[in-house]
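Using the numbering used here, the first residue of the sequence shown is number 1, and each one after it goes up by one.
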Amino acid sequence: MAQAKLGKRTIDALGTPDRDQFLWDENLSGFGLKVTPAGGKVFIFQYRLGGRGTKTKRWTIGRYGAPWTPAKAREEAERLSILVSQGVDPIAEQKERNRIRETKGFAAYVETFAEGYLEPEWGKSWKQAKRVLEMHAVPVLGDKPIPDIGAEHIYQVLDRLRHRPGIQRTTWAVLSALFKWADKRDDIARSPMEKVDPPSGVKARKRVLTPAELRAIWHASYELEDPRGALVRLLMITLQRRSEVAALPWSELDRDRILWRIDGSRAKNGQDHLVPLSSLALAELDAIGWKKRGLVLPSSTGKTPVSNFSDTKTALDRAVLSYMQEAADASAAALGEERHEVSMSPWWLHDLRRTGTTNLQALGFPIEVTERVINHHQGGEVSGIRAIYNLYEYFDEKVAAMNAWSAHLHNIVTENDGVPRRH
């Protein structure tokens with residue numbers, strides 16, 4: 001049995017044998033190199049558990065070359081030798097590690113968690129929660145067994161999201177749920193989340209758009225391609241959620257009763273919601289053209305709702321600034337002042353809801369009415385007569401509020417600011 005010190009010079013000097021040959025390290029028992037007729041050179045570790053008479057087993061460390069240099073392969077062989085001296089079979093250990101990776105590796109465990117907990121417990125948001133893990137945690141944690149995941153690994157996930165505070169906090173929340181579930185099932189000894197403080201998250205927004213900004217947004221919306229402009233205007237008029245307006249089916253609208261009934265399956269709180277249609281809303285829907293079926297605001301395919309809100313917002317912002325600049329130029333010319341560049345503070349489409357409810361309160365409507373206008377109240381799961389009562393609770397007040405907002409918005413957008421109307 002050939003022996004030598006397994007180093008780079010010795011290995012590089014080896015020729016190509018006619019059949020498999022083995023060269024064993026003279027210093028570390030069981031550490032060797034297998035050389036094949038094809039020129040392959042592979043580091044191996046050979047061992048026996050239980051003394052003489054037991055079966056000899058062979059472990060493949062890796063092919064000679066990066067990353068398996070002689071020094072790196074020797075370190076691995078020393079580790080395996082220690083395991084054998086402790087009565088641990090490296091092959092059996094690897095099989096167990098593979099089993100754990102397949103069942104308790106983080107990526108695989110996300111599937112188990114989604115099926116066993118998220119889907120039955122998180123309602124409509126379970127797919128989004130799973131997607132958060134797949135997008136932000138799996139790329140970092142991969143197949144790492146969940147019993148081996150510590151607080152330092154969780155921070156590696158969260159640190160990558162430090163510039164996205166909303167996503168960071170959501171990821172923390174879903175990870176907390178996952179490890180709490182794993183702890184209850186005894187899949188881990190202790191949750192690593194116990195040492196991870198919740199991120200601060202996104203600070204509550206207080207942006208309320210001014211009348212001039214509302215006017216600019218309204219008229220700039222006509223610069224967008226259909227149905228994106230109508231989407232923006234309906235958001236302003238109805239004050240409902242972006243997802244509810246974008247995916248609005250004609251079947252939810254009743255022209256005779258002047259009413260929009262949002263199905264609970266599409267509402268954030270799972271409750272049916274009645275939205276009285278104001279004169280501005282009717283005018284917008286009349287302009288689109290009433291139908292009996294399909295979507296009010298379809299995409300180019302005609303089968304899916306309008307989407308790609310980011311591009312819509314970008315185009316809208318450009319049109320808004322252009323409109324505001326024209327208004328500023330007209331005002332400066334009327335006053336004999338020099339022209340000045342205008343700007344607009346950052347805003348989101350969601351700010352339209354806050355602006356509307358703020359104006360409603362300024363118009364004298366109490367908070368409990370404005371909350372019901374935007375379906376913020378939590379009615380709980382009810383049925384029968386109680387469900388019907390809850391649905392029509394504050395209905396007359398909501399009619400008055402939506403009509404008042406419609407009139408107020410109409411006054412704002414029709415005010416003469418010196419800019420020629422584009423529609």
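Ideal placement from N, C-alpha and C gives every residue a C-beta, glycine not left out.
Three-way DSSP call (helix, strand, coil) for residue i in this model
i, result
"F31", "strand"
"W68", "strand"
"H273", "strand"
"T171", "helix"
"G264", "helix"
"A2", "coil"
"Q325", "helix"
"L23", "strand"
"P145", "strand"
"L253", "strand"
"L214", "helix"
"S406", "helix"
"Y394", "coil"
"S200", "coil"
"H459", "Nothing about residue 459 can be reported from this structure: the residues present for the chain run from 1 to 423 only."
"L349", "coil"
"K180", "helix"
"Q94", "helix"
"T470", "What the structure shows of the chain is the stretch from 1 to 423, and residue 470 is not part of that stretch, so it cannot be assessed."
"D311", "helix"
"H136", "helix"
"I412", "helix"
"R52", "coil"
"E119", "helix"
"K195", "helix"
"A189", "coil"
"L224", "coil"
"G87", "coil"
"D417", "coil"
"L16", "As written in the sequence, residue 16 is Thr, which differs from the Leu given in the question. Coil."
"R162", "coil"
"H219", "helix"
Chain B within 7 Å of residue i, Cβ atoms only
i, result
"D311", "Absent here is chain B; the protein component of the structure consists of one chain."
Option in the options with minimal Cα separation from residue i
i, options, result
"A77", "Q271, G15, W24, G150", "W24"
"K104", "S125, D148, I82", "D148"
"R190", "P199, V306, S200, L178", "L178"
"A407", "D272, L277, I11, P139", "L277"
"K303", "Q240, I374, G294", "G294"
"L280", "S265, L259, K291, S300", "L259"
"M135", "W122, L158, I146", "L158"
"Q128", "A173, P17, A66", "A173"
"N411", "P211, K144, G7", "P211"
"F31", "I44, S85, D329", "I44"
"A230", "P305, V88, P17", "P305"
"D396", "T370, V419, E415", "T370"
"S221", "L321, K124, T357, A73", "L321"
"A283", "A114, K292, A246, I237", "I237"
"W59", "Q94, L6, T301", "Q94"
"G39", "E111, R48, P17", "P17"
"G270", "V399, T170, L391", "L391"
"R354", "S343, N375, M344, G336", "N375"
"S85", "P120, G289, R48", "R48"
"T301", "P227, R63, P346", "P227"
"H340", "A327, T10, R160", "A327"
Limits of the beta strand (DSSP E) - the one that residue i falls within
i, result
"F425", "Nothing about residue 425 can be reported from this structure: the residues present for the chain run from 1 to 423 only."
"Q46", "41-48"
"K57", "56-63"
Endpoints, alpha helix (DSSP H) assigned at residue i
i, result
"K436", "For the chain, the structure presents residues 1 to 423; residue 436 sits outside this window and is missing."
"A230", "228-238"
"A287", "279-288"
"K206", "Taken as a continuous stretch (DSSP letters only), K206 belongs to no alpha helix (DSSP H), as it is neither H nor E."
"E152", "151-159"
"E244", "242-246"
"R9", "8-12"
Residue i - partner residues in DSSP beta bridges
i, result
"G105", "P145"
"L80", "L80 pairs with nothing; no bridge assigned."
"P305", "P298"
"A259", "For the sequence presented, residue 259 should be read as Leu rather than Ala. In the DSSP output, where bridge partners are listed per residue, L259 has D254, P276."
Cβ distance (whole Å) where residue i is taken to contact residue j below 8 Å
i, j, result
"L349", "R242", "6 Å"
"K41", "L28", "That belief does not hold up - the Cβ atoms of K41 and L28 are roughly 17 Å apart, past 8 Å."
"A216", "Y323", "5 Å"
"L253", "L285", "7 Å"
"D330", "D272", "The sequence shown places Ala at residue 330, rather than the Asp named in the question. Going by Cβ atoms, the distance from A330 to D272 rounds to 46 Å, so no, they are not a contact pair."
"M193", "I154", "7 Å"
"T312", "L224", "7 Å"
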